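Here the sequence shown is numbered in numbering that gives the first Met the number 0, starting from 0 and rising by one per residue.
What follows is a single structure, written as structure tokens, with notes after it.
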Amino acid sequence: MWQFSLQLGWQWAPRLAILGSIYMLSACATLSKQECMVGDWQVIGYNDGVAGYAADRLASHTKACAKVSITPNYQLWERGRQLGLKQYCTVTSAYNVGRRGRKLNNVCPITMVNTLQIANQQGLDYYTLDSQLDKDKRLLEARELEFDKLKDGEMLDFETEKEARARLISLPTELRDIKRRINNTQKKLNALNQMSSD
């Protein structure tokens, strides 16, 4: 059975590799065939601007549309991108980009950079704290379940009753520490929310 499975695996390997390559190529394409054919380049540029893409984004579109012999209209695309960047290069957008765990792209006017970077950093701080909060909540749930099982007399992965009891005795302190950390993180998140709404 094992030998048959191995032979079957080798038989399908080339096909799987080809399918994987096709998937990767399609995943890397910035525009679909239909989008290239319709060619509303100002709208495409606007969407790229709102997403914070730099001017070299057009090279990726050119490559994607070359498959259907379509050349992007640079002037329309750039006009749309500049309009989109007006939406991207705002304090609210910079903050929201940070909250998604991403740094602001270097596409905004230099006169706005400092203000936008402060907002972006506040968003990044929120993202970090929120990720930590989620992690600690999952940890708290796991430790509470472990505590309940040990309290009910389950040995879990411990070899001796003495080890299980020692763990049971140590868990309340760990639970308090996790709860304290959760409360502190929540306060920091609330403070950041207050700052962003001011």
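Don't be surprised by glycine CBs; every beta carbon is placed ideally from N, CA and C.
It should be emphasised that the depicted structure is a prediction, and the values quoted were computed from it without experimental measurement.
In this structure Val67 does not touch Leu84 by the C-beta definition: roughly 28 Å separates them, more than the 8 Å allowed. In this structure Thr91 is exposed. Its beta-carbon is surrounded by fewer than 16 other beta-carbon atoms within 10 angstroms. For the pair Trp40 and Leu144, the Cα-to-Cα distance works out to about 55 Å. Considering only Arg80, Lys148, Ala50 and Val37, the residue with the shortest C-alpha distance to Ile69 is Val37. Assigned with DSSP and collapsed to three states, Cys107 falls in coil, not helix or strand. Cβ-Cβ distances below 8 Å link Leu103 to Gly51, Ala93, Val96, Gly97, Leu115, Gln116 and Asn119 in the same chain, with the five nearest sequence neighbours on each side left out; the list follows chain order.
Counting only residues of its own chain and dropping the five nearest sequence neighbours on each side, Asn46 has a CB closer than 8 Å to the CB of Gly79 and Gly83. Excluding the 5 residues flanking it on each side, Gln185 has same chain C-beta neighbours closer than 7 Å at Leu132, in chain order.
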